[in-house]
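Sequence lines, in order, name chains U and C. If you read the first sequence in this note's numbering, its first letter stands for residue 190, the second for the next number, and so on. If you read the second sequence in this note's numbering, its first letter stands for residue 103, the second for the next number, and so on. Every residue gets a Cβ at the ideal spot worked out from N, C-alpha and C, and that includes glycine. Predicted, not measured: the structure shown is a model, and the values here were computed from it. One structure is given below, encoded as structure tokens.
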Amino acid sequence: MTSPADNGARPRKVVVWQHDQARLQHDVIGLGDVQSDTVYGRLLVRSLTRAQLGLSLMCLSIALAVIASLPVIMALLPRARTVMVVGLPLTLVILGAGIFPMLMAVGWFYNRQASQLEARFIDLVDPVGRRLDA
Amino acid sequence: MLNVPAVAAIAAVTLLTVAVGARGVRIARTPDDFLVAAREVPPGLNAAAISGEYLSAASFLGIAGLIVSQGLGALWYSVGYTAGYLVLLLLVAAPLRRFGAYTIPDFAEGRFASRGLRRATTALVLVIGWFYLLPQMKGAGITLQPVLGTPYWVGVVALGVVVSANIAMGGMKGVTFVQCFQYWLKLCAIGIPALVLLAATGHGSARNLSPDLQPVFTHRTTLHVQTSTEFKLAGPATVRVTGTLDRARLADQTVHLPAGLHTAGTGAVLTFGSGSPVPASLTMVQPSSTTWDSPFLTAGTDGTHPLLATYGVIIATLFGAIGLPHILVRFYTNPDGGAARRTTLIVVMLLSTFYLFPAVLAVLTRLRAPELYLSKDPDSVVLALPSLLMPGRPGELLGALVAAGAFAAFLSTSSGLLVSVAGALSHDVMRGGVGTFRLCAIIAGTIATVAALPVNRFSLGLLVGWAFAIAASSFWPLIVLGIWWRRLTWVGATAGVLVGGGACCCAIVATMLGAATRSWGAALLGQPAVWTVPLAFSVMIVTSLLTQGSIPPHVEHMMLRMHLPEGLIRRTYRAGRPYTRA
């Protein structure tokens, strides 16, 4: 049985190739391929690293967009410096405190997504083992 | 003039560190235990240990000093130091933990199967490690100076001896627990004084925070000049003087000082009226082209090209953290990649909390104790603040707490650095075991101590920022491309590390020697990360594409090792088969 999160990524039966040891042992694409470094295993690992990198770069670009754009914005809008928030300069409020919750939020979001991504990959390549674990 | 509470607090911190380190001697049996504590530390504890080791002299004293002297732009250091861990979390934490190397040279050799690259990275570990040790030693020197009333070198030598001896005896097992404790100590030592002083002095008038204004005294203030000081007045002032001022001996006379430079002799007593401009020593004066509320950092004496200098610091601090030799080692005390991610997220939270307080202390200094602008070293501002704002016993105790926290910062960071430097020396240069490691700890500590004696004219923030810049221009591209890019070759990696790290070191040495003090030269050499990091990446990528024949063997196996979730590996082992072909 697969959970809805699998999105149809459930292991499929494939044609068995006589010369491929992995195929003889496990006739399903999965952990055996990853362990034995078959063509399928490589594709699986590549898809995993690509998904992980995509997630990381997305989160990184959010954080960098905020951090890297601040100096430019401050340079283009010099009058923003004179804005006072609760009696303190805006620069102090943003750089001294306001930016930190943003960093934590991005990190928290990434951690959640990365764990889910890995859980989905484990489901994909080793559904039996996952059920045994549970 | 011996400050008894401060001496007691510093002694307690030091003894505690040594005691737990000594306890580690019994636990640490194998060389492995010596270099990295056993991998059984839960994320919360581990995160506090990482933060404890990371928060150095620059964070504790340097940032507040830079904010006071250079303006709000210095806040970029605290933003960068924290955001660096977010970058680390996103791109390297879990894969690097799974790879299972202890040090950057281990990673280089394991990933690229190249002895040459290992040697290049070892050399850079030594450069960065020693470079980063200098500001810690300087911090100890200026902290003990007012507390013991001793010259600068006494603190430097004291820290060098304590740390070298402790590492030579204890190794890292003890240090893990000490580091964790020291994070909380440092947070209390900066947080409690900040909050107490804030509550005691109140928010009140924020006149000195107003944009574009030079600070003025909010009440009649008497300054006692300890040693002869040249200072700058932003505007004319009427001063009551006893002692030597501008080479004239005066006895309780009122003089009108025009704006500009003046010199007060040793022992002079100056009384400024309310509303009079604050005299600032030359190290506390900003370049005239910028103002205190400017959100940018500057380089050089003329303060031009502020955007370039600001981005230089942002790039160095964002990408330098993982390249620091003592940081990477901490990730192997996580049980697995997922725990490494959780640990890193907690580190971001712990650092965010800590970095709220240097800004509070800096603003309090500007608002309530502008007379500290006459101090000769911006880095000593935080140490002097409590007793100025709260005269008497409470201020003295708060000052002792700050001094103890500062000393904890130097102890923890320099311990971690010394373990890494001594490890690199004993393992790669002298090829020995635990005995050699002990010897190397003493050698490395001695070199750092001697080298730290002449650096007290550079600000802590600047020195630490430079160590980050070297790390960001060499190890950051090596690690991030090594983890994510299959086509990186050992030739490309070596070329990138040497060119990037070398260019950055040259720029910094040129700045230290005073090669460029103005305009573009000052910005590009003083904050080199803005061009050396892209340079290292370009060299690494182009050289790798030209040498595709030397892609390391088993690159797929490496990728598997770094990116495969541990759940799969565990299950594979349980089934009794290795997860890869040999």
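Open item on the list: Measuring only the C-alpha atoms, how far is C:Leu226 from C:Gln355?
Closed with: Here the question's residue 226 of chain C lines up with position 124 in the second sequence. Here the question's residue 355 of chain C lines up with position 253 in the second sequence. Straight-line Cα distance between these residues: approximately 58 Å.
TODO: Measure from the alpha carbon of C:Leu452 to the alpha carbon of each residue in C:Val523, C:Leu117, C:Pro145, then state which is nearest.
DONE: By one-based count along the second sequence, residue 452 of chain C stands at place 350. Residue nearest to C:Leu452 within the set C:Val523, C:Leu117, C:Pro145 is C:Pro145 (criterion: CA-CA distance).
- [ ] Determine whether the Cβ of C:Trp578 lies closer than 9 Å to any Cβ atom of chain U.
- [x] Start at 1 with the first residue of the second sequence, and residue 578 of chain C comes out as number 476. It does not: the Cβ of C:Trp578 has no partner Cβ on chain U nearer than 9 Å.
- [ ] Express the C-alpha separation of C:Ser454 and U:Met291 in angstroms, rounding to a whole number.
- [x] Within the first sequence, numbered from 1, the residue matching residue 291 of chain U stands at position 102. Within the second sequence, numbered from 1, the residue matching residue 454 of chain C stands at position 352. The C-alpha of U:Met291 lies about 10 Å from the C-alpha of C:Ser454.
- [ ] Select from the stretch 225 to 254 of chain U all residues with a C-beta closer than 7 Å to any C-beta belonging to chain C, and list them in chain order.
- [x] Ser225, Asp226, Arg231, Val234, Leu237, Thr238, Gln241, Leu242, Ser245, Cys248, Leu249, Ala252
Task: Boundaries of the alpha helix (DSSP H) in which C:Glu332 is found, first to last residue - done: Translated into positions along the second sequence, residue 332 of chain C becomes position 230. In the DSSP assignment, C:Glu332 falls outside any alpha helix (DSSP H) and lies within the beta strand (DSSP E) extending over 331 to 335.
Open item on the list: Can you tell me which residues form a DSSP beta bridge with C:Ala382?
Closed with: The residue labelled residue 382 of chain C in the question sits at position 280 within the second sequence. Note: C:Ala382 sits in a beta bridge opposite C:Lys334.
TODO: State buried or exposed for U:Val272, treating a residue as buried only when at least 16 other CB atoms are found within 10 Å of its CB.
DONE: Position 83 of the first sequence holds residue 272 of chain U. By the neighbour-count rule (16 or more Cβ atoms within 10 Å), U:Val272 is not buried but exposed.
Open item on the list: Are the CB atoms of C:Trp178 and C:Thr419 within a distance shorter than 9 Å?
Closed with: Taking the second sequence and counting its residues from 1, one reaches residue 419 of chain C at position 317. Taking the second sequence and counting its residues from 1, one reaches residue 178 of chain C at position 76. Contact: yes.
Task: DSSP-derived helix/strand/coil call for C:Thr393 - done: Along the second sequence, one-based indexing puts residue 393 of chain C at 291. Secondary structure at C:Thr393: coil, using DSSP grouped into helix, strand and coil.
Task: Pair within 9 Å by beta-carbon distance, C:Ala291 and C:Ala508 - done: For the purposes of this step, residue 291 of chain C is taken as the residue at position 189 of the second sequence. For the purposes of this step, residue 508 of chain C is taken as the residue at position 406 of the second sequence. Yes, these two residues count as a Cβ contact at 9 Å.
Open item on the list: Are the CB atoms of U:Ala286 and U:Leu279 within a distance shorter than 9 Å?
Closed with: As a working mapping, residue 279 of chain U is identified with position 90 in the first sequence. As a working mapping, residue 286 of chain U is identified with position 97 in the first sequence. No, the Cβ-Cβ distance between U:Leu279 and U:Ala286 is not below 9 Å.
Task: Through-space distance from C:Val450 to C:Leu193, alpha-carbon basis - done: Within the second sequence, residue 193 of chain C is the residue found at index 91, counting from 1. Within the second sequence, residue 450 of chain C is the residue found at index 348, counting from 1. If you take the alpha carbons of C:Leu193 and C:Val450, they lie about 14 Å apart.
TODO: Evaluate the contact criterion for the stretch 303 to 315 of chain U versus the stretch 220 to 235 of chain C: three or more CB pairs, one atom per stretch, below 8 Å.
DONE: With fewer than three CB-CB distances shorter than 8 Å, the stretch 303 to 315 of chain U does not count as touching the stretch 220 to 235 of chain C.
Task: Simplified DSSP assignment, three categories, for C:Ser438 - done: Within the second sequence, numbered from 1, the residue matching residue 438 of chain C stands at position 336. The identity of residue 438 of chain C in the sequence shown is Asp, whereas the question assumes Ser. Of the three classes helix, strand and coil, the one that applies to C:Asp438 here is coil, per DSSP.
- [ ] Using a Cβ cut-off of 7 Å, pull out every chain U residue sitting near C:Thr412, in sequence order please.
- [x] Translated into positions along the second sequence, residue 412 of chain C becomes position 310. Those are Pro260, listed as they occur along chain U.
Open item on the list: Looking at C:Gly594: is its Cβ nearer than 9 Å to the Cβ of C:Val635?
Closed with: Locating residue 594 of chain C in the second sequence gives position 492, where the first residue counts as 1. Locating residue 635 of chain C in the second sequence gives position 533, where the first residue counts as 1. Going by C-beta atoms, C:Gly594 is not nearer than 9 Å to C:Val635.
TODO: Tell me, please, which residues DSSP counts as bridged to C:Val318.
DONE: Position 216 of the second sequence holds residue 318 of chain C. Per DSSP, C:Pro379.
TODO: Spell out whether any CB of chain U is found under 9 Å from the CB atom of C:Tyr457.
DONE: What you label residue 457 of chain C is simply residue 355 of the second sequence in a count that begins at 1. For C:Tyr457, the answer is yes, since a Cβ of chain U falls inside 9 Å of its Cβ.
Task: Any chain C beta carbon closer than 9 Å to U:Val314 - done: Position 125 of the first sequence, counted from the first residue, corresponds to residue 314 of chain U. U:Val314 counts as touching chain C.
Open item on the list: Among the candidates C:Val109, C:Leu147, C:Pro107, C:Leu118, whose CA atom is the shortest distance from the CA of C:Pro437?
Closed with: Residue 437 of chain C sits at position 335 when you count from the first residue of the second sequence. Of the listed residues, the one whose Cα sits closest to C:Pro437 is C:Leu147.
Open item on the list: Any C-beta of chain C within less than 7 Å: which residues of the stretch 280 to 308 of chain U qualify?
Closed with: Thr280, Leu281, Leu284, Gly285, Ala286, Ile288, Phe289, Leu292, Met293, Val295, Gly296, Trp297, Tyr299, Asn300, Ala303, Ser304, Glu307
Task: Own chain, CB closer than 6 Å to C:Thr548, minus 5 neighbours either side, in chain order - done: In the second sequence, the residue the question calls residue 548 of chain C occupies position 446. If we look at C:Thr548 and ignore the five residues flanking it on each side, it has no Cβ neighbours.
- [ ] Ignoring anything shorter than 4 residues or poking outside the stretch 561 to 616 of chain C, list the alpha helix (DSSP H) runs there in chain order.
- [x] 562 to 586, 592 to 614
Open item on the list: Distance cutoff 9 Å, beta carbons only. Does C:Ile69 sit that close to anything in chain U?
Closed with: No information on residue 69 of chain C is available, as it lies outside the stretch 103 to 684 that chain C covers here.
Task: Beta-bridge partners of C:Phe539, as assigned by DSSP - done: Residue numbering aside, residue 539 of chain C sits at position 437 when the second sequence is read from its first letter. DSSP, once it has assigned bridges, lists no residue as partnering C:Phe539.
- [ ] Select from C:Ala506, C:Thr245, C:Leu476, C:Ile545 the residue whose C-alpha is nearest the C-alpha of C:Phe333.
- [x] Your numbering for residue 333 of chain C matches position 231 in the second sequence. For the residues C:Ala506, C:Thr245, C:Leu476, C:Ile545, the minimum Cα distance to C:Phe333 belongs to C:Leu476.
- [ ] Give me whichever residues DSSP pairs with C:Gln355 in a beta bridge.
- [x] Taking the second sequence and counting its residues from 1, the one referred to as residue 355 of chain C is at position 253. C:Gln355 is bridged to C:Val343.
Open item on the list: Looking at C:Gly175: is its Cβ nearer than 9 Å to the Cβ of C:Thr392?
Closed with: Residue 175 of chain C sits at position 73 when you count from the first residue of the second sequence. Residue 392 of chain C sits at position 290 when you count from the first residue of the second sequence. Against a cut-off of 9 Å, the Cβ pair of C:Thr392 and C:Gly175 comes out as a contact.
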